[in-house]
């Protein structure tokens with residue numbers, strides 16, 4: 548009975564997006580909110596900018612007690628001089644404070660880690676250089692990155708399970724014109740050396756790849772990803788990942804999705820594949836309905852998992868959001884989070 552009610556809620560959420568697509572909303576949300584990440588507070592006369600975000604989670608996961616968790620504390624430090632050189636870093640502490648029923652209180656055991664730390668040299672709009680630790684350019688979700696700027700407390704499996712979310716190395720990026728169309732591109736390579744790594748990550752041993760993104764005439768973006776890599780946890784396995792991502796946004800409505808297939812040099816039984824599609828619709832000036840379906844097949848013999856997400860997001864301000872959702876899984880033998888998930892996130 549609960550499964551029927553859950554699926555009904557999901558169908559209502561998706562229907563609000565697809566059925567009301569021509570309804571005009573009052574105040575549009577920025578279509579590229581991740582660009583706000585590196586603004587923050589500018590210290591006069593220094594070239595430095597400070598910012599960050601914090602996230603507090605409250606979850607009641609399936610077969611587990613409730614949990615209150617200071618899930619993420621991140622500090623941004625940026626610098627921009629008078630020339631073409633820039634610097635940006637993100638210092639993060641995960642699971643800083645955790646309180647579980649029946650009264651168990653713990654502090655996170657993980658140390659501070661540099662999620663990002665890189666220098667940019669802006670040669671031109673067509674050609675820029677980056678050196679350091681940066682977000683791996685696979686899909687669009689991983690590049691948005693911050694909790695206050697995504698619609699759900701949970702993250703689609705396909706956006707972080709098949710590949711490391713950070714790379715340390717070099718990148719060239721920019722916007723080029725091909726066949727009369729502007730295409731954003733990123734080309735990167737990593738030797739596997741990490742800058743103050745996060746212990747929860749399984750970093751590259753070596754990697755190279757690219758991401759292309761094309762702005763289409765209907766206010767949408769279509770992207771393609773390729774990555775060839777090995778990981779420190781599994782050096783003998785050379786992987787090739789192919790991905791496609793899509794994002795459409797208009798009048799506070801949004802439709803997005805990503806799909807990947809990762810081939811393994813060990814054979815097809817070690818391949819991974821997955822997809823998600825997500826719809827967002829405004830229910831009032833600040834309240835949004837969110838529906839998502841995702842499928843992920845992990846390498847090995849376990850069956851693929853199906854996850855259904857139905858939730859609400861209340862944007863208190865453009866940079867703070869309260870989120871709540873129900874997640875239901877089928878064949879969830881990889882223990883992806885299920886149940887009631889909620890969070891409040893603030894970008895400052």
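Numbering (the working numbering), first residue to last: 548 to 895.
Ideal placement from N, C-alpha and C gives every residue a C-beta, glycine not left out.
Since the structure is predicted, the reported quantities are computational estimates derived from the model, not experimental observations.
The alpha helix (DSSP H) with residue i in it runs from where to where?
| i | result |
| --- | --- |
| residue 688 | 688-691 |
Hey, out of the options, whose CA is closest to residue i's CA?
| i | options | result |
| --- | --- | --- |
| residue 703 | 766, 852, 894, 669 | 852 |
| residue 871 | 894, 723, 701 | 701 |
| residue 638 | 660, 646, 826 | 660 |
| residue 763 | 740, 729, 737, 750 | 729 |
| residue 645 | 618, 663, 635 | 618 |
| residue 759 | 736, 752, 732 | 732 |
| residue 669 | 681, 690, 719 | 719 |
| residue 739 | 757, 625, 717 | 717 |
Run the CB neighbour count on residue i, radius 10 Å, all protein chains shown included, and call it buried at 16 or more, exposed below.
| i | result |
| --- | --- |
| residue 588 | exposed |
| residue 802 | buried |
| residue 723 | exposed |
| residue 727 | exposed |
| residue 786 | buried |
| residue 591 | exposed |
| residue 782 | exposed |
| residue 885 | buried |
| residue 566 | Reliability fails at residue 566, whose pLDDT of 34 lies under 50, so the model's placement of it is uncertain and the value that follows must be treated cautiously. Classification of residue 566: exposed, given that the 10 Å Cβ count is below 16. |
| residue 593 | exposed |
| residue 754 | buried |
| residue 911 | What is shown of the chain runs 548 to 895, which leaves residue 911 out entirely. |
Bridge partners for residue i per DSSP, in chain order?
| i | result |
| --- | --- |
| residue 819 | 809 |
| residue 801 | 796, 827 |
| residue 626 | 595, 634 |
Within the 8 Å Cβ cut-off, does residue i reach chain B?
| i | result |
| --- | --- |
| residue 698 | No chain B appears in the structure shown, which is made up of a single protein chain. |
Which stretch, first to last residue, makes up the beta strand (DSSP E) that contains residue i?
| i | result |
| --- | --- |
| residue 839 | 834-844 |
| residue 789 | 781-797 |
| residue 871 | 867-877 |
| residue 641 | 632-641 |
| residue 852 | 852-864 |
| residue 760 | 751-763 |
The stretch 673-687 touching the stretch 851-862, judged by at least three CB pairs closer than 8 Å: Note that the stretch 673-687 does not touch the stretch 851-862; fewer than 3 beta-carbon pairs, one per stretch, sit closer than 8 Å.
Touch test, the stretch 707-722 against the stretch 804-821, Cβ-Cβ under 8 Å, three pairs minimum: Output reads yes: the stretch 804-821 touches the stretch 707-722.
Cβ contact check for the stretch 867-883 and the stretch 836-852: 3 or more pairs under 8 Å: Output reads yes: the stretch 836-852 touches the stretch 867-883.
Contact the stretch 816-835 vs the stretch 761-778: 3+ CB pairs below 8 Å: No contact exists between the stretch 816-835 and the stretch 761-778.
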